[in-house]
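Trainee:
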Amino acid sequence: LNKSCRHISLNEPQNKTNIFNRIRLIICRIYTLNKIISNDKIDFIITWWNIPNLMGGIYKIFYKKTYIINSIHNSFFIQNNFEKLILILSKKVNKIVFVSKEAENIAKLKFNLQNSCTIYNFTSDTKYIYKNDKSVGAIKFLIVWRLDKNKNHEFIINCFNELYKKWYINIELDIIWTWNLSEYLKSYTSNLESSMNIKFLWQKNNVEQIISKYSYLLMASKYEWFPTVFIEAIKNWLPIITTDFKTWAKEIIRNNNITKDCTKVEVWINGILTPQDMNSYIDWLEKWI
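Position in the sequence shown counted from 1, then plus 1, gives you the numbering used here.
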């Protein structure tokens, strides 16, 4: 494989914050892309991420013969003009591939896409399932995701604290990862009654080796692209409780049933799906205990 593959770097400067510099870079990229395609007689292109997808759409306008697939791995909620422009230009390419059916449906509804499909992300082989050997003692809840506003850690922490205040039982909340809200969340948690039962652990790329040691996986994101930790939890028979965020909560918990939003608590074989409602979330934490 290595002998037949070639890696080419555009060797671009790192400062891309200026809008005029971004436009210049896009023009230079398309010129370089065309040069590579012409020299190597490329017939097939797959683009990934926002700027390459934008380039793919622009390139297709001028060069019709090359078959182009735009792979969209983030969930589009059409929140700004840049996202709109990417999808408008993506209508020009041969195929748009999403990793979430719900994200594809949102884009199709708003932009009347005729060239889209969904191919789910690859997940590791299910034969590598770790022994679910939970130690007797504390009921251990787990959060795995970077500490930023979108992941809604504060919501889960507040739910856990209310549960602790009500029961004062041996429960523990472990938070794996770090990010820009790390210090804020640690400070916020230090003032709660359950502060001694909430632990901020390290950043860990492969959580599957320790995930089976926990009792439950918690999640309450505002939106997601593809939460791989859900698949890892299911593989290890770890129950999930999650709010109905866009996208992927319904697809994983309901086994791809995305026909309607979650308006009340739903119990499925893959876990519990709740509305973005604190009382519902706490209620099911209690039911589990």
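The beta-carbon is built from N, C-alpha and C at its ideal position, and this holds for glycine as well.
So, at 8 Å on beta carbons, what are the nonlocal neighbours of E103 in its own chain, with the 5 sequence-adjacent residues on each side left out?
Mentor: For E103, where only same-chain residues beyond five positions count, the Cβ hits under 8 Å are S76, K247, T248, W249, K251, E252 and I259.
Trainee: Here's a check: name, in chain order, each residue in its chain whose Cβ is nearer than 6 Å to the Cβ of T243, leaving out the five neighbours to either side.
Mentor: M220 and A250, listed in sequence order.
Trainee: Could you give the distance in angstroms between the alpha-carbon of S125 and the alpha-carbon of N280?
Mentor: Its pLDDT being 49, under 50, S125 is placed unreliably in this model, and the coordinates cannot settle the point.
Trainee: Would Y310 pass as a contact of F142 if the rule is Cβ separation under 8 Å?
Mentor: As displayed, the chain neither begins before 2 nor continues past 290, which places residue 310 out of reach and without an answer.
Trainee: Determine the closest residue to V208 out of D278, E194 and I232, with distance taken between C-alpha atoms.
Mentor: Checked all of D278, E194 and I232; the closest Cα to V208 is I232.
Trainee: Is DSSP giving D175 helix, strand or coil here?
Mentor: Looking at D175 - three-state DSSP - the assignment turns out to be strand.
Trainee: By how many angstroms is the C-alpha of D278 removed from the C-alpha of E287?
Mentor: Going from the Cα of E287 to the Cα of D278 covers about 15 Å.
Trainee: Look up E267 in the DSSP assignment and give the residues it is bridged to.
Mentor: The partner list for E267 (beta bridge, DSSP) reads L274.
Trainee: What's the C-alpha gap between N151 and W226?
Mentor: Approximately 12 Å between the Cα atoms of the pair.
Trainee: Using a Cβ-Cβ cutoff of less than 7 Å, which residues in the same chain neighbour S91 once the five nearest sequence positions on both sides are dropped?
Mentor: Only N54, G58, N71 and I97 meet the Cβ criterion.
Trainee: Mapping the DSSP letters down to three states, classify F246 as helix, strand or coil.
Mentor: Coil, per DSSP.
Trainee: Going straight from the alpha carbon of C160 to that of Y282, what length do you get?
Mentor: Cα to Cα, C160 sits roughly 7 Å from Y282.
Trainee: Could you compute how far the alpha carbon of I273 sits from the alpha carbon of I158?
Mentor: If I take the Cα positions, the gap works out to 18 Å.
Trainee: S72 by DSSP, collapsed to three states: which one?
Mentor: Strand, per DSSP.
Trainee: What are the boundary residues of the alpha helix (DSSP H) that includes T33?
Mentor: First-last of the alpha helix (DSSP H) with T33: I20 to D41.
Trainee: Comparing C-alpha positions only, which one of T264, T275 and E194 sits nearest to I241?
Mentor: Among T264, T275 and E194, the Cα nearest to that of I241 belongs to T275.
Trainee: In three-state terms, what does DSSP make of I144?
Mentor: Residue state, collapsed to three classes: strand.
Trainee: In angstroms with no decimal places, state the Cα-to-Cα distance between I172 and F201.
Mentor: Between I172 and F201, the C-alpha separation is close to 15 Å.
Trainee: If we count the other Cβ atoms within 10 Å of its Cβ and call it buried at 16 or more, is Y60 buried or exposed?
Mentor: Buried is the call here.
Trainee: Once the 5 residues before and after Y121 are set aside, which same chain residues still bring their CB inside 7 Å of it?
Mentor: Taken in chain order, the residues that qualify are V100.
Trainee: Taking the C-alpha atoms as reference points, what is the distance between I176 and C6?
Mentor: One C-alpha to the other measures close to 40 Å.
Trainee: For the alpha helix (DSSP H) that V230 lies in, which residues bound it at each end?
Mentor: Its alpha helix (DSSP H) spans residues T229 to K236.
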